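**Student:** I'd like to ask you about the structure that follows.
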Amino acid sequence: MVAIAIARQTVREALRRRVFWIFLIVAVFLIGLGPVLGFLTPKESQTIMRSLGLAVILLAGLFITIVTCIYLIPVEIERRTIYTVLSKPVQRFEFVLGKFLGGFAIVFLSIAAMGAVFLALVYFQGTTRGPDAGVLVWLTSGKFPKEMVLGVVLTFFQMMLLAALTIFFSTFATPVLNFFMSFGIFIVGNLSSVTESLTTSKNGLTSAIGKIIHYMLPNFGNFNVQNAIIHPTTEISNQGVFIRNNIIYALIYSAVLLILAVIIFDRREV
Amino acid sequence: MAAAISIQGLTKKYVDVWQKQEVIAVNNLNLEVQEGEIFGFLGRNGAGKTTTIKMLLGLVFPTAGDATLLGKAMGDNSVKSQLAYLPEETYFYDSMTGWDLLDYYGRLFRIPEPERSRRVQICLEKVRLQKDAWRRSIRGYSKGMRQRTGIAQALINDPKLLFLDEPTSGLDPIAHAELREIVASLKDEGKTVFLSSHQLADVEIICSRVAIIHRGKLLTTGTIKELTAGERTEIVVQGKAVTNGLLGKLQALVPDTERTGSDTLMLRTEDDDKISAIIDIVRGAEAHVLSIVPHRRALEDVFVETVRREEASA
Ligand SMILES: Nc1ncnc2c1ncn2[C@@H]1O[C@H](COP(=O)(O)OP(=O)(O)OP(=O)(O)O)[C@@H](O)[C@H]1O
Ligand SMILES: [Mg+2]
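Same order as they appear, the protein sequences are chains A and B. Our numbering puts the first residue of the first sequence at 777, with every later residue one more than the last. Our numbering puts the first residue of the second sequence at 815, with every later residue one more than the last.
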């Protein structure tokens, strides 16, 4: 399929960018720092390592996703490679679909790489008190804790949604503008508890605006289950349904963004 | 013969929102290009050539007007499998190799393997891209190698109709001649070529018909022969006996006759049949014909005259 060929080419070009590798290498380095920090504070070692790891994956994922996806379409227009693509029997929706799939693949590769390093460390690292009180011995936990795996998986879907948003913006916004828009919406979308409280405001206007923001903007906050995972006191009543709903939400929202992107790009002169 | 390209009233206005300015890049263009022609599309910088091609390929949208390509409405995706486009400045995916680039474009045409590899090889050979460059990244290609890759990319789908926007600009004389021959050879394969070029000498050699546009408007169109018609011959006569009598006799035959020195005359005629009569008169008068030089009008002369005339009247 043509969109797949375009997606492959998109990934290939994106992986040639230095900034992608810098973020990825720094992130892996920081994740690797987790056990070291944990060793220094044995009591909290597991918590520190896990929260640091997930936070790094989220942050690095955030930057990699935005800096990569803001360029996927504009770079083809700027370098005019798009002329040779769209003059061939390639429909514009196939081009946009290829870019979305390529963007998702890049997000997948980076989260998978960081997640693999993180989960490997979680698997191997574990300290416990030895028979002599006060002596620490090295133990491997010997398992992939379910919550950590889910944390990584949900971060992937969160970044996938962000990638869709960024690529959608790139069909009409310049990369610099897009950077701030995507970043801003990611932050606002993470404050879902705040925007939710706005919807119930007594002031009609505030509540209307709150509703628009809360229900229109992608609800990025829903994917942040680190808190729930790391502090088991906060309960999520039905984890399975919660996760499934989030994944479905990411897929449907991305599909809507794809359709809007196609509608806009169809009218765009290149 | 069927029309490969038929353009009716094609118009493109660019509006600059900030400066509130309007540029009419293409203005009510009507044009027909027949199948099997190599058609030269000429005009000064900014005349609207590239804009016309981009409209035909659906890259920008016309403000008004319409066109058909190979009988299908422009922008129809189904006709694109028979089209080729070489953009005026060939930016490619620099980090790819020439081979991979053509392979990618082959995929976009949905050419399956092993046919695709076969096509890639045929095209790279056809444009004579040196073999050791096939697997090197395009970043290290010279201008000529890029241009060859660009033409190879345009041939990957064995197209029926090619849009070549300045395929021979900026090349060394040998590469230039080679690429010109490659373009000329497309005619023998029955392809139609829409060629935008500033290399009028090339156009004169390889094109059957041309159109000249200026500020988006079509000034003239016709075969090279029609446009360069009006060949002129200059005859210089010399002798002791260049009298006013001889001058008078010659002027009666050729009005454009003038004395250019005490013993020389210059005659200019577009009628070759008069030459022998002139020689007879000169012989009888004890003078002699020093030179007979035919002056063909070059396409360049026609182009300059046509555009100048338009600019003067504007
Ligand atoms: N995207 C655009 N926005 C605004 N004006 C444009 C745009 N593209 C082209 N123009 C204007 O349209 C006119 C025609 O440009 P075009 O590129 O078609 O000329 P051309 O004949 O191809 O010239 P050249 O021989 O230099 O390549 C020019 O005045 C140009 O400035
Ligand atoms: Mg041009």
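Just so you know, even glycine gets a beta-carbon here, dropped at the ideal spot from N, CA and C. Source: prediction; values computed, not measured.
Does the segment 843-850 of chain A come into contact with the segment 873-886 of chain A, if we say contact requires no fewer than three beta-carbon pairs (one atom in each stretch) closer than 8 angstroms?
**Tutor:** Short answer: they touch.
**Student:** How would you list, in chain order, the residues of chain A whose beta-carbon sits under 7 angstroms from the beta-carbon of VAL874(B)?
**Tutor:** Here the neighbours are GLU1045.
**Student:** Compare the C-beta of PRO951(A) with all C-beta atoms of chain B and state if any pair is closer than 8 angstroms.
**Tutor:** No - not a single Cβ of chain B is within 8 angstroms of the one on PRO951(A).
**Student:** Based on DSSP bridge pairs, tell me the residues matched to MET1080(B).
**Tutor:** Paired residue(s): VAL1050(B) and GLU1072(B).
**Student:** Show which residues of chain A have a CB atom less than 7 angstroms away from the CB atom of PRO973(B).
**Tutor:** Near PRO973(B) there are no residues of chain A at all, since even the closest Cβ is about 10 angstroms away, more than 7 angstroms.
**Student:** Look at the alpha carbon of VAL1118(B) and the alpha carbon of ALA861(B), and state the distance between them as a whole number of angstroms.
**Tutor:** Rounded to the nearest angstrom, the two C-alpha atoms are 14 angstroms apart.
**Student:** On the criterion of 16 or more Cβ atoms from any shown chain inside 10 Å, does ILE1028(A) qualify as buried, or is it exposed?
**Tutor:** Answer is exposed; the Cβ neighbour count stays below 16.
**Student:** Please output, in chain order, the residues near ligand 1 using a CB cut-off of less than 6 angstroms to any non-hydrogen atom of the ligand.
**Tutor:** Ordered along the chain, the selected set is TYR828(B), VAL837(B), ALA839(B), GLY857(B), ASN859(B), GLY860(B), ALA861(B), GLY862(B), LYS863(B), THR864(B), THR865(B) and GLU902(B).
**Student:** Is any non-hydrogen atom of ligand 2 found closer than 7 angstroms to the C-beta of ASP1115(B), if you look at the structure I gave you?
**Tutor:** Answer for ASP1115(B): no, Cβ out of range of ligand 2.
**Student:** At a threshold of 7 angstroms, does ASP979(B) count as lining ligand 2 (C-beta to nearest heavy atom)?
**Tutor:** Under cutoff, so the answer is yes.
**Student:** Go through its chain and collect everything with a Cβ distance to ARG1073(B)'s Cβ below 7 angstroms, but skip five positions before and after it.
**Tutor:** So the qualifying residues of the chain are LEU1061 and LEU1079.
**Student:** Among residues of its own chain, excluding the 5 on either side of VAL1038(A), which ones have a beta-carbon nearer than 8 angstroms to its beta-carbon?
**Tutor:** Taken in chain order, the residues that qualify are ARG868, PHE869, VAL872 and LEU873.
**Student:** For ILE1049(B), which of PHE977(B), LYS1039(B) and VAL1107(B) has the nearest alpha-carbon?
**Tutor:** Ranking PHE977(B), LYS1039(B) and VAL1107(B) by Cα distance to ILE1049(B) puts VAL1107(B) first.
**Student:** Using three-state DSSP, classify VAL1032(A) as helix, strand or coil.
**Tutor:** Looking at VAL1032(A) - three-state DSSP - the assignment turns out to be helix.
**Student:** Spatial neighbours of ASN842(B) within its chain, please: C-beta separation below 6 angstroms, excluding the five flanking residues on both sides.
**Tutor:** Correct list, in chain order: GLY823 and THR825.
**Student:** Select from ALA1031(A), ALA896(A), LEU877(A) and PHE1041(A) the residue whose C-alpha is nearest the C-alpha of PRO928(A).
**Tutor:** Sequence inspection shows Val at residue 928(A); the Pro mentioned does not correspond to that position. Selected option, being the one with the closest Cα: ALA896(A).
**Student:** Does ASP979(B) pass the burial test, meaning 16 or more other C-beta atoms within 10 Å, or should it be called exposed?
**Tutor:** The residue in question, ASP979(B), is buried, as its Cβ has 16 or more Cβ neighbours within 10 Å.
**Student:** Counting only Cβ pairs nearer than 8 angstroms, list the residues of chain A close to PHE906(B).
**Tutor:** Residues of chain A passing the Cβ test: THR857 and THR860.
**Student:** Using a Cβ-Cβ distance under 8 angstroms, would ILE1005(A) count as near chain B?
**Tutor:** Because the pLDDT at ILE1005(A) is just 49, under 50, the model does not fix this residue reliably, and the value given afterwards should be weighed accordingly. Judged by the 8 angstroms Cβ criterion, ILE1005(A) is not in contact with chain B.
**Student:** Which term fits HIS1028(B), buried or exposed, when burial requires 16 or more other beta carbons within 10 angstroms of its beta carbon?
**Tutor:** Burial call: buried.
**Student:** Alpha carbon to alpha carbon, what distance is there between VAL1096(B) and HIS1102(B)?
**Tutor:** If I take the Cα positions, the gap works out to 6 angstroms.
**Student:** Is the Cβ of ASN891(B) closer than 8 angstroms to any Cβ of chain A?
**Tutor:** Yes, because at least one Cβ of chain A sits closer than 8 angstroms to the Cβ of ASN891(B).
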